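This report refers to the structure that appears directly beneath it.
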Amino acid sequence: MIKKHSLAQASYDQSALKTRILHIGFGAFARAHPIFYTDLANEASGGDWGVAVARSNSGEALLSELDAAGRFYTVAEADDAGLTARRVACVTQTLHPLRDGSDAIPDLISGADLRIISLTITEKGYCLAGGSLDLDHPLVQHDLTTPETPTTTIGTIVEGLQRRRSAGRGGVTVLTCDNLPSNGVMCRNAVLGMALARDSGLADWITETCRFPSTMVDRIVPALDSAASETLRELLGHEDPNGILCEPFRQWVIEDDFACGRPDWAAIGAEMVTDVEPFEDMKLRMLNGAHSFLAYLGALHGHATIADCMADDVFREAAYRLMMTEQAPTLSMPGTVDLNDYASQLIKRFSNSKLHHKTTQIAMDGSQKLPQRLLAPCAVNLEQGRDWSLTALAIAGWARYVRGTNETGAPVPVQDPMAGEFAQLAAVQDGRQYVESLLRLDQIFDPKLAAHSGFRAGVLSAYDRVAAIGARSALIETLVLRMDGQ
Ligand code: CS2
1284 MIKKHSLAQA SYDQSALKTR ILHIGFGAFA RAHPIFYTDL ANEASGGDWG VAVARSNSGE
1344 ALLSELDAAG RFYTVAEADD AGLTARRVAC VTQTLHPLRD GSDAIPDLIS GADLRIISLT
1404 ITEKGYCLAG GSLDLDHPLV QHDLTTPETP TTTIGTIVEG LQRRRSAGRG GVTVLTCDNL
1464 PSNGVMCRNA VLGMALARDS GLADWITETC RFPSTMVDRI VPALDSAASE TLRELLGHED
1524 PNGILCEPFR QWVIEDDFAC GRPDWAAIGA EMVTDVEPFE DMKLRMLNGA HSFLAYLGAL
1584 HGHATIADCM ADDVFREAAY RLMMTEQAPT LSMPGTVDLN DYASQLIKRF SNSKLHHKTT
1644 QIAMDGSQKL PQRLLAPCAV NLEQGRDWSL TALAIAGWAR YVRGTNETGA PVPVQDPMAG
1704 EFAQLAAVQD GRQYVESLLR LDQIFDPKLA AHSGFRAGVL SAYDRVAAIG ARSALIETLV
1764 LRMDGQ
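As structure tokens, then:
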């Protein structure tokens, strides 16, 4: 039974909106964050900001279901105080290349109404290698050979911008909402890398007319599970396959650099700033870093969700210590930000028992996440002679997790672009040899860091402890050693 709840409806007219934003990647996070902000901004400040939503790989049927529901879906915010829900009304159109043809998205990009292309395509969607577009990536090569039928999001955007330029229109803003460091720069590098490989005139036009602001996006939005679907059904009286259940907290820090306007997101709490980087690093290290730490070590121990980890004193204390002693000291924040408050707030958010945020969901794509979440702060700590023993356990936990089983021997899902490589190594190696092989994967480990003798020794010994006594005992051992050393 839902304890206390409310359900709000938009008071603006959906049919009066224009398709000013194309959002690619209509997954759980997008529905509860950037699109939700646009709905609230329309409500607060008016405007005609409609959003066309697109998916590229899976989810074709979900988009058709959204059309059938009048393009309304529900965002429900849940915590112990109850449930507050809103029907989002700003979606004007849905697009899927398999359903609508490969011209649909590029043609929409070339249209006169469009102002912004926003993205939630996950880290791997940018096809980057070392901060530039990976020109050896098979899908990138495909998009360079047959640019009119692109398969990657980056290829689709570049093809759309090419058509826009040919139509004599101005540039747009490409707004990344993914958890990459300097995400605007990374997104720009990917788009310009593809454009340059096609036509330097196109690359120059994009440089002159388009903008790529960086953003820090934050809201915990687990994939919809059956319990969340049931809560929505109870609330609405019918199914909402595109509905989502998330935490009440939301934050969006945006570099205010747009080519041709934006919704009034500031009116409903977005922070428009000139430099997003400190906020991105804070969130990537303290929130996402702690998430990955809990995901690998928690899943190995048998904790199914982040809230389960928080209900375990050892994991909760270790996550807080990781944030405050190994991540916060690597940040330089504006004076108004109190990192201790931030860490305490994160522990509270992680403890929300209404969210069933699976450790195995967060464990996905570790090869794309480890560098910015755990390895970058680790390199700072090594350089500054600071303790990084909890980070070592997180890296060791990842190494142990990608072998594909937890501590009871039960299988855990290893979903990662490098899963094949991990499986090959795990089949024939373990211990020192296995860890050394992982550290040689330079798509994950910067060779300078991997060659650091202190780093190698720390990760090796953490791996030994996790393998020998298990994740939870290894955490206790590390926390006790620290207290002894104080
Ligand atoms: C999580 C993020 O799945 C993950 O890797 O760490 O999705 C996290 O929940 C969001 O970034 C929170 O804003």
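Per our numbering: the sequence shown ends with 1769, consecutive numbering throughout.
Beta carbons are placed, not taken as given, at the ideal position from N, Cα and C, and that holds for glycine.
This one's a predicted model, so the numbers in the text were calculated from it and none came from an experiment.
When you compare the CB positions of residue i and residue j, do they come within less than 8 angstroms of one another, or not?
i     : j     : result
P1696 : T1613 : no
F1705 : V1685 : yes
L1507 : T1490 : no
L1653 : W1681 : yes
K1257 : D1350 : For the chain, the structure presents residues 1284 to 1769; residue 1257 sits outside this window and is missing.
S1328 : A1553 : no
L1658 : V1749 : no
A1352 : Y1295 : no
H1316 : R1656 : no
R1314 : G1333 : no
P1505 : H1640 : yes
M1477 : V1441 : yes
D1461 : I1404 : yes
L1378 : A1364 : no
L1416 : N1472 : yes
R1481 : P1433 : no
G1454 : T1492 : yes
G1581 : E1690 : no
Y1603 : A1578 : no
L1528 : A1573 : no
S1385 : R1452 : no
A1601 : L1485 : no
E1563 : P1464 : yes
To which residues of the same chain is residue i closer than 7 angstroms at the C-beta, ignoring the five residues directly before and after it?
i     : result
T1435 : C1410, L1422, V1423 and D1426
D1362 : E1530, P1531, N1635 and K1637
Q1376 : T1302 and A1335
L1519 : T1357
G1310 : T1403
P1380 : S1339, A1387 and I1388
G1737 : L1665
In terms of DSSP beta bridges, what is residue i paired with?
i     : result
Y1356 : V1371
I1537 : T1498 and M1555
L1254 : Outside the shown range of the chain (1284 to 1769) lies residue 1254, about which nothing can therefore be said.
S1289 : T1367
T1688 : P1694
C1529 : E1360
A1335 : L1305 and Q1376
L1411 : L1416
T1588 : K1641
Shorter than 7 angstroms, the distance from the beta carbon of residue i to the closest heavy atom of ligand 1, or not?
i     : result
H1735 : no
D1596 : no
Q1610 : no
Q1716 : no
N1635 : no
R1502 : yes
Q1644 : yes
H1574 : yes
L1777 : Residue coverage of the chain in this structure runs from 1284 to 1769, which leaves residue 1777 outside it and unanswerable.
N1664 : no
K1301 : no
K1652 : yes
N1462 : yes
Just to confirm my understanding: we take residue i, look at its own chain, exclude 5 residues before and 5 after, and list those with CB closer than 8 angstroms. What are they?
i     : result
D1390 : G1443 and R1446
R1770 : No answer is possible for residue 1770: the residues shown for the chain start at 1284 and end at 1769.
S1575 : I1645, A1646, G1649, K1652, L1653, R1656, L1657, A1677 and W1681
T1321 : I1304, W1332, V1334, C1373, P1546 and W1548
A1709 : V1685, R1686, G1687 and Y1717
F1312 : T1403, C1460, V1500, R1502 and V1504
Starting from the C-beta of residue i, find all residues in its chain whose C-beta is less than 6 angstroms away, skip the five residues before and the five after it, and write them out in chain order.
i     : result
N1466 : T1459 and S1497
R1369 : A1291 and V1358
G1526 : Y1356, T1357 and L1515
A1745 : A1675, L1676 and A1679
Q1297 : A1372
T1456 : I1399, R1494, F1541 and A1542
Should the region 1560-1580 be regarded as contacting the region 1600-1609, the criterion being three or more beta carbon pairs within less than 8 angstroms? yes
If you pair each beta-carbon of the region 1490-1497 with each one of the region 1591-1608, do three or more pairs fall below 8 angstroms? no
The region 1656-1665 contacting the region 1581-1591, beta-carbon criterion three pairs below 8 angstroms: no
Can you confirm whether the region 1756-1766 touches the region 1722-1736 when touching is taken to mean that 3 or more C-beta pairs between the two stretches lie within less than 8 angstroms? no
Would you call the region 1392-1399 and the region 1540-1550 in contact, with 3 or more CB pairs under 8 angstroms? yes
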